[in-house]
Amino acid sequence: MNEKPEVTDEQLIADFQAGDDRAFVELVDRYKDRLVNFVYRFLHDMTDAEDMVQETFLKVYKNKHAYREIAKFSTWIYTIAGNLARSELRKRKRRKTYTMSELSFDDNEFTPVDSGRDTEDIVFNSYAGEEIMKAIYALPEPFKTIIILRDIQELSYEDISTILDIPMGTVKSRVNRARLKLQETLSYLKE
Amino acid sequence: MQNTDCTNIREQYTEYQENTLPPEIRAKVDTHLASCSSCNEIFRELNRVIRTLHNLPSLQASAHFTSSLLTRIETDKQLGTWQKIYHSSYTKVAGYAIAAGLIVAIGINILIDPISPLQPNGRSDFAGEQSSQIQTEESLAVVTDSASNVSADTLTQQNIPINPQNQSMQLVSGKK
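Chains as they are written, first to last, in my numbering: chain A, 1 to 191; chain B, 192 to 367.
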């Protein structure tokens, strides 16, 4: 039985550019969770993350004609969301300098969707996840972004290269350095 | 303290983990890991960190996300229309034209009648007009009451030009 091929993101944005607002809503449905996950890792506040993702879609809506099909839609929207999230982080840093002890994470904001894993695994991941989130938050900016894109969003090196506008080789070496830095930070947190 | 070898080996971690190292370099890393417990421990720790990152619980946007986004877009559109009107060059030109017109009108008014707006009793403001009107009405009452005492001839003899404004003034002062 032949399944109807799914409309690509690029086709949807083309339809939206041609005036079909339903295509925009479809793109929102496809990307809202992914982007909330992405932005939340920067801001650690669900309300702020949703607000920032809405801002991202608003920019897409207002600047729909800025998109050209030379890039994937996903890299374009991740670029917008990433820029907004980093800009918000810079604003926060200007307002207040956080210390590690000041970081707090609301457990209620971690809502597991996949319930297929066994309890021990979930407990392990929840505990380690919280520690890791603190460590990611403490990473210097270029490392933070690259860890989120590669190890949480699991994007390809090619996509990351496009989003950050840096060569693929730089992406790979930066991913390695970021991972080492993260591991080092985690060791520090454990002590 | 880690030596240069350890630093070089750790720099290869990601490619080692993704199995993209050339075979001869991979063999070197394997040899090093077999003899260096510190690097071995770090590689295992990194594997654990990455596994945990991949398995972080997924977050979901709230149920009202899309509807509130669409409301926000509508609000932004309406706001945008007013902003466009406010910032449009046509609006600015119209504003400047109105301002210029007002300045010219005031200028012409001053040129035609330069004195009257400056005269203390010839105030052109509404309050002034009202008070002078009240005075005129009082004066007329005086004229009616004392018509037998003050005649138009007297006024003419005093060589005072008769017009509604200074008539009232004169009569008020006559009452005093």
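Where a beta carbon is used, it is the ideal one built from N, C-alpha and C, also for glycine.
C-beta neighbour in chain B for A/ILE132, strict 9 Å: Yes - at least one Cβ of chain B is within 9 Å of the one on A/ILE132.
Through-space distance from A/ARG174 to A/PHE42, alpha-carbon basis: If you take the alpha carbons of A/PHE42 and A/ARG174, they lie about 18 Å apart.
Buried or exposed (CB count within 10 angstroms, at least 16 for buried), A/GLY31: The sequence shown places Tyr at residue 31 of chain A, rather than the Gly named in the question. Buried: at least 16 other Cβ atoms inside 10 Å.
Where A/TYR40 falls, given that 16 or more other Cβ within 10 Å makes a residue buried: Counting Cβ neighbours within 10 Å, A/TYR40 comes out buried, since at least 16 surround it.
Neighbour flag for B/ARG263 against chain A, beta carbons, 9 Å: For B/ARG263, the answer is yes, since a Cβ of chain A falls inside 9 Å of its Cβ.
Proximity test, Cβ basis, 9 Å: A/GLN183 and chain B: Cβ-Cβ to chain B under 9 Å: yes for A/GLN183.
Proximity test, Cβ basis, 9 Å: B/THR205 and chain A: Closer than 9 Å to some Cβ of chain A, the Cβ of B/THR205 qualifies, so yes.
Residue nearest to B/SER229 in terms of C-alpha spacing, selected from B/THR198, B/LEU302 and B/ASN246: Nearest C-alpha to B/SER229 among B/THR198, B/LEU302 and B/ASN246: B/THR198.
Close beta carbons around A/LEU139, own chain, < 8 Å, minus the five adjacent residues each side: Correct list, in chain order: ILE147, ALA178, LYS181, LEU182 and THR185.
Three or more C-beta pairs below 8 Å linking the segment 46-61 of chain A and the segment 247-256 of chain B: In this structure the segment 46-61 of chain A lies against the segment 247-256 of chain B, because at least three pairs of beta carbons, one per stretch, are closer than 8 Å.
Selection of the segment 220-237 of chain B by Cβ proximity to chain A, strictly under 7 Å: Considering only beta carbons, the part of the segment 220-237 of chain B lying closer than 7 Å to chain A consists of ILE233, GLU236 and LEU237, in chain order.
Interface positions of the segment 132-153 of chain A facing chain B (Cβ-Cβ less than 7 Å), listed along the chain: Along the segment 132-153 of chain A, the positions whose C-beta sits under 7 Å from a C-beta of chain B are ILE132, ASP151 and ILE152, read in chain order.
Listed by chain order, chain B residues near A/GLU50 by CB distance under 7 Å: What A/GLU50 touches in chain B: ALA252, SER253 and PHE256.
Neighbour flag for A/LYS64 against chain E, beta carbons, 9 Å: Here the protein chains are A and B, and chain E is not one of them.
CB contact flag (B/ILE237, A/ILE152, <9 Å): According to the sequence as given, residue 237 of chain B is Leu; it is not Ile. Contact annotation: B/LEU237 and A/ILE152 have beta-carbon atoms that are not nearer than 9 Å.
Burial state of A/ALA23 (16 or more Cβ within 10 Å): Classification of A/ALA23: buried, given that the 10 Å Cβ count is 16 or more.
6 Å Cβ shell around B/ILE200 - same chain, five flanking residues per side excluded: Excluding positions up to five away in sequence, the list reads VAL220, HIS223 and CYS230.
Delimiting residues of the alpha helix (DSSP H) encompassing A/GLY82: Residue range 73-95 is occupied by the alpha helix (DSSP H) that includes A/GLY82.
CA-to-CA distance, A/LYS93 to B/LEU369, given in whole angstroms: Outside the displayed range of chain B (192 to 367) lies residue 369 of chain B, so it cannot be described from this structure.
Same chain, Cβ closer than 7 Å to B/GLN269, five either side skipped, listed in chain order: Excluding sequence neighbours, B/GLN269 sits near nothing in its chain.
Residue-level contact to chain B via CB, A/GLU102, 9 Å cutoff: Because A/GLU102 sits at a pLDDT of 47, beneath the cut-off of 50, its placement in the model cannot be relied upon, and the following sentence gives the value as read from the coordinates. Chain B has no Cβ within less than 9 Å of the Cβ of A/GLU102.
Amino acids of chain B, ordered along the chain, whose beta-carbon sits closer than 7 Å to that of A/VAL28: The contacting residues are THR257 and LEU260.
Residue interval of the alpha helix (DSSP H) (run including A/ASP45): Segment: none, A/ASP45 is in no alpha helix (DSSP H) and carries neither H nor E.
DSSP three-state assignment for A/GLY19, whether helix, strand or coil: Annotated three-state conformation of A/GLY19 is coil, per DSSP.
CB contact check: B/PRO248 to chain A, cutoff 9 Å: B/PRO248 counts as touching chain A.
Proximal chain A residues relative to B/THR266, where beta-carbon distance stays under 7 Å: Near B/THR266 there are no residues of chain A at all, since even the closest Cβ is about 10 Å away, more than 7 Å.
Chain B within 9 Å of A/ASN83, Cβ atoms only: Output row for A/ASN83: interface = no.
Same chain, Cβ closer than 6 Å to A/ALA18, neighbours up to 5 away in sequence not counted: No residues qualify anywhere along the chain.
Beta-carbon proximity list for A/ASP85, same chain, < 7 Å, skipping 5 on both sides: The sequence shown places Ala at residue 85 of chain A, not Asp. Excluding sequence neighbours, A/ALA85 sits near VAL39, PHE42, LEU43 and MET52.
Spatial neighbours of A/GLY82 in its chain, beta-carbon cut-off 7 Å, leaving aside the 5 residues before and after: The residues are THR145 and ILE163.
Within chain B, partners of A/LEU58 - CB distance below 8 Å: Within chain B, the residues near A/LEU58 are LEU260, ARG263, ILE264 and ASP267.
Residue nearest to A/GLN54 in terms of C-alpha spacing, selected from A/ARG34, A/ASP9 and A/PRO142: Closest in C-alpha terms to A/GLN54, from the list A/ARG34, A/ASP9 and A/PRO142, comes A/ARG34.
Residue-level contact to chain B via CB, A/TYR188, 9 Å cutoff: Judged by the 9 Å Cβ criterion, A/TYR188 is not in contact with chain B.
Simplified DSSP state of A/SER161, which is helix, strand or coil: Assignment of A/SER161 by DSSP, reduced to helix, strand and coil, places it in the helix class.
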